[in-house]
Structure formats: C-alpha cells, structure tokens
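This note's numbering numbers the first residue of the sequence shown as 4 and each following residue consecutively. From the three backbone atoms N, C-alpha and C, an ideal C-beta is built for every residue, glycine too. Okay, structure first, notes after.
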Amino acid sequence: MLAANIAPLQRWVRILLGLAVAAHAMLGLPQASLLFAAFGLCIAATGLVGFCPACALAGRQMKSKK
C-alpha cells in the first residue's frame with residue numbers, strides 16, 4: 004500500500020476544490036468541459052486516497068509524529 008503524502012487539511016481542500024472544479028466545468032464550453040471535469044476529479048481522488056503521485060515524484064513525505 005502507498006504511504007500517504009498529503010496532510011489531512013490538504014486532503015479536505017483537494018476534495019472540495021476538485022469537486023468544485025468538476026462541477027464548474029460542466030457549466031462551461033462542451034469541448035473543454037470534459038477535460039476540466041477529469042482534472043477536477045483527479046484532484047478530488049488524490050484527496051480521497053491521500054496519495055499524490057506528483058508529490059511523490061518531488062520527494063515530498065509526511066512528517067511522522069513521534
């Protein structure tokens with residue numbers, strides 16, 4: 004299983020903003036709406052899962068609480 008690399012607050016922000024982008028995209032131009040809706044859903048999915056591949060490639064890790 005992949006280790007979480009997104010903080011809890013950032014997870015909620017990603018979920019809310021991702022869903023907002025997807026919802027707003029459905030009100031826009033038909034050609035670009037599917038692309039922006041997919042982008043918003045990907046952002047929301049990283050928030051739901053707690054793992055972001057782009058952050059992992061950049062070497063970002065969660066600070067462990069000791």
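Out of Arg17, Ala35 and Phe39, the CA that lies nearest to the CA of Ala25 is found in Phe39. Excluding its 5 nearest sequence neighbours in each direction, Ala35 has no C-beta neighbour in its own chain below 7 Å.
DSSP places Gly50 within a helical segment (H, G or I) once states are collapsed to three. Listed in chain order, the non-local C-beta contacts of Cys58 below 8 Å within the same chain comprise Asn8 and Ile9, local neighbours out to five positions each way being set aside.
The Cβ-Cβ distance between Phe54 and Leu5 falls below 8 Å.
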